[in-house]
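S.K.: Below is one structure. I have some questions about it.
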Amino acid sequence: MNDTREKIILLEPDAATAGTLQTALQAAGHEVTRFSSPTEMLEAARQSAADLLLLDCPGATPEARELLATIRGAAPTSAARVILLVGPEASQRTAALEYGADDAISCPCVQTELLARIRNQLRLLKTENGLRRQLQIAEEGQQMAHTAFEALAVTEKMTSDAFSLDRRLKIGLTSVLALAVVMAGIYFLFARSTQKQDLRTTKLIAGLEGGIIRQQDLLAQIRKLRASQESQEAPLASKDDLKKKAADLKSRIATADPSTSDLSALRSQLAETNARLQRIEQERGSAEAVIPADVQSVCLLHVSVAFRNQQSGQRLRYAGLNPQGEPIQDSSGNPIITLDGRGPEVKMDVFGTGFLAGPNGRVITNRHVAEPWWKNDDLDFLGGEGVQAEISEIRAYFPGDPRAFSAEIQTISKETDLATISVNMQDLKRTVLTIDPGKTAAQPGESIVLMGYATGLAALLARTDEDTSQKIISASGADISQVLDELARRNLIRPLITQGHIGDVLPDKIVFDAQTTSGGSGGPLINPDGKVIGVTFAVLKGFGGSNFGIPIRFSQPLLTGITQPN
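Letter by letter, the sequence shown follows residues 123 to 688 in our numbering.
Have a look at this one:
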């Protein structure tokens, strides 16, 4: 885990220029100390190890050469990278490099170029430090090996001089030598393993979908989702298309020659078309009866996960935010994470679906929504590194209401991917959905209606136009909770409703083809009678054709019993 900031010492006699440079460097995530005289700068550099020295030497004069010579000859400044700010002539840049500077930049310069040059030098410094560390490890290993060989030589001399010693003593000395060799090997393996684990931990935390969003990344995801949904709209025959086809077949039958086989084929096609039309009308009628009554009771769940250091008990935080509201990053592009920074807490945001299935705001969802670390390999790895995931907050959003309702885990199933949460409904009135817990509630071939918040936040924003989504994100800054609150205020939080059929029924699964994806987990499967027969729990990536639900009867122990959360 990286919780340090690169230290930069700035030598700039002009106060206005120095202030501008210091502000830009601090916004980029660096720790900056500025001086107006070389003497003060050198004294401060000797007392603290700086990573980079940024020196304003407009003329690349002999004084600059003496200053660089002093820097290169003094520890700990000799290991720092040095950039000179010189005049516009190419000869001055050349002279600066000959004096020993690592880089030279002509002034006035573009700020973004300067920051890029600084990041490049810091990356080179990081590489050099890594090589120095490897060399140090190699030297320590060589020293250990040298000590072992000296011990071996002493042992041989003792053996030749004291041949009368007990044989067990000789074996003991040999064992000590072997133990030293084994310890050296363990040291190398441990050092390398620790480096790899720290790198993986940082990358995992950096890759979490956090409560701080990058606006451009979210907008790009929304545009991609809009394009994907448009391209995946299936060209299925509508009710009007089937009516036109039936009318055309009737016209062709009326004019067909009775003596040919065409008449029989046309009649068969007409019968099939009428059957499809009747089935569509029946399914549409049942869906239209179900949707208005049930959709208001299906909520979006926003689960915010924080991370706590098991040793200190403190939660992980970002070191700070830059002017764009994004976490300050190190020279490798990873956010700087610490235990005592002033920035916001590191969060992972999980979106899922739930529905009212009991009194007093009792909502059914999946266990992997209520406890996102359940069967999550990445979060399990963090636990092994001393970082514990825990629920920071659960909020529920119901269609037609602008408020976010607080919620907490109530019961967790130890057998299936199900859980119930308790939502503080305040004065909100919503219908408790009727469930059918019978073993024959789900039948292959039966039509179903599925409700859920597939793809979570991005899908909600993708239903709006480009201008609206940009306004919502801009008004909400970089906070996901504020984006959701704005969507709720505009009455834009509504579940995605899809229709399909049950393909197969297994003892513990319902296989169906109604479209859904991640975020739809916990959504209810509703039969033509308006009763919940299952809960979505596993989906294929993208809008797949085969998804899975848990029969609703497995939720009965959670609704009637008292099961404590794990």
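Heads up, the beta-carbon is just placed ideally off N, CA and C, and yes, glycines get one too.
Compute the distance between the beta-carbons of Gly-656 and Pro-673, then report whether it is under 7 Å.
M.R.: yes
S.K.: Rounding to the nearest angstrom, what Cα-Cα distance links Pro-230 and Val-208 in this structure?
M.R.: 9 Å
S.K.: What is the DSSP secondary structure of Val-232, counted as helix, strand or coil?
M.R.: coil
S.K.: What are the partner residues of Tyr-519, as DSSP defines its beta bridges?
M.R.: For Tyr-519, which the question treats as bridged, DSSP gives the partners Leu-422.
S.K.: Opposite Leu-443 in the DSSP bridges: which residues?
M.R.: Pro-449
S.K.: What is the C-beta distance between Ala-511 and Trp-496, in whole angstroms, given that I count them as a contact (C-beta under 8 Å)?
M.R.: Going by Cβ atoms, the distance from Ala-511 to Trp-496 rounds to 10 Å, so no, they are not a contact pair.
S.K.: Which same chain residues end up closer than 7 Å to Gln-144 when comparing Cβ atoms and leaving out the 5 residues on each side of it in sequence?
M.R.: Leu-132, Val-154 and Arg-156
S.K.: From the DSSP secondary-structure annotation, give me the bridge partner or partners of Glu-512.
M.R.: Ala-428
S.K.: Of the residues Phe-676, Gln-391 and Thr-183, which one's Cα is nearest the Cα of Glu-63?
M.R.: Outside the displayed span of the chain (123 to 688) sits residue 63, for which this structure offers no information.
S.K.: Assuming Asp-539 contacts Val-654 (C-beta within less than 8 Å), just tell me the rounded distance between them.
M.R.: Not a contact, Cβ separation roughly 16 Å.
S.K.: Smallest Cα separation from Arg-612: which of Gln-264, Ser-535, Phe-520 and Gly-671?
M.R.: Phe-520
S.K.: Let me know if Asn-488 comes out buried or exposed under the rule of 16 or more other beta-carbons within 10 Å of its beta-carbon.
M.R.: buried
S.K.: My parser needs the beta strand (DSSP E) runs of 3 or more residues fully inside the segment 185 to 269; what are they?
M.R.: 203 to 208 and 225 to 228
S.K.: Give the range of the beta strand (DSSP E) segment to which Ser-528 is assigned.
M.R.: 527 to 534
S.K.: Please determine, among Glu-608, Ala-238, Asp-630 and Pro-650, the residue with the shortest C-alpha to C-alpha distance to Gly-622.
M.R.: The residue from Glu-608, Ala-238, Asp-630 and Pro-650 with its alpha-carbon nearest to that of Gly-622 is Pro-650.
S.K.: Return the chain-ordered list of same chain residues with a C-beta closer than 6 Å to the C-beta of Lys-561, the five sequence neighbours on each side being excluded.
M.R.: none
S.K.: Drop a sphere of 10 angstroms on the beta-carbon of Gly-195, count the other beta-carbons inside from all chains shown, and report buried for 16 or more, exposed for fewer.
M.R.: exposed
S.K.: Just list the residues that DSSP pairs Val-657 with in beta bridges.
M.R.: Pro-646 and Ile-672
S.K.: From the beta carbon of Ser-677, is the nearest beta carbon of chain C less than 7 Å away?
M.R.: The structure shown has no chain C; it contains just one protein chain.
S.K.: Using the DSSP secondary-structure output, state which residues sit across from Met-573 in a beta bridge.
M.R.: Ile-619
S.K.: Taking 6 Å as the limit between beta carbons, can you name the residues of its chain near Val-420, skipping five residues before and five after?
M.R.: In the same chain as Val-420, and ignoring 5 residues on each side of it, the C-beta atoms closer than 6 Å to its own belong to Phe-477, Met-573 and Pro-617, in chain order.
S.K.: Measuring CB to CB, does Ile-648 end up less than 7 Å from Leu-422?
M.R.: At the C-beta level, Ile-648 and Leu-422 stay beyond 7 Å of one another.
S.K.: Could you have a look at Lys-593 and say whether DSSP puts it in helix, strand or coil?
M.R.: Lys-593: helix per DSSP, three-state reduction.
S.K.: If you draw a straight line from the alpha carbon of Ala-597 to that of Leu-237, how long is it in whole angstroms?
M.R.: 29 Å
S.K.: Compare the beta carbon distance of Gly-465 and Leu-443 with 7 Å and say whether it is the shorter of the two.
M.R.: yes
S.K.: Would you mind sorting His-152 into buried or exposed? The rule is 16 or more other CB atoms within 10 Å of its CB.
M.R.: buried
S.K.: Quick one: grab the DSSP three-state call for Asp-630.
M.R.: coil
S.K.: Tell me the DSSP secondary structure of Thr-120 in three-state form.
M.R.: With the chain covering only 123 through 688, there is no way to say anything about residue 120.
S.K.: For Ser-453 versus Leu-246, is the C-beta spacing smaller than 7 Å?
M.R.: no
S.K.: Could you pull the start and end residues of the alpha helix (DSSP H) that Val-93 belongs to?
M.R.: What is shown of the chain runs 123 to 688, which leaves residue 93 out entirely.
S.K.: Only counting the same chain, and skipping five residues up and downstream in sequence, which positions put a Cβ closer than 8 Å to that of Ile-130?
M.R.: Leu-147, His-152, Glu-153, Val-154, Thr-155, Ala-172, Asp-173, Leu-174, Leu-175, Leu-176 and Ile-240
S.K.: Rounded to whole angstroms, what is the Cα-Cα separation between Ile-413 and Arg-484?
M.R.: 20 Å
S.K.: Pull up the distance between the alpha-carbon of Arg-168 and that of Glu-262, whole angstroms please.
M.R.: 27 Å
S.K.: Which residue wins for smallest C-alpha separation from Val-417, given the options Gly-505, Phe-473, Val-554 and Thr-234?
M.R.: Val-554
S.K.: So, helix, strand or coil for Lys-497, using DSSP?
M.R.: Judged by DSSP in its simplified three-state form, Lys-497 adopts coil rather than helix or strand.
S.K.: With DSSP as the reference, label Leu-132 as helix, strand or coil.
M.R.: strand
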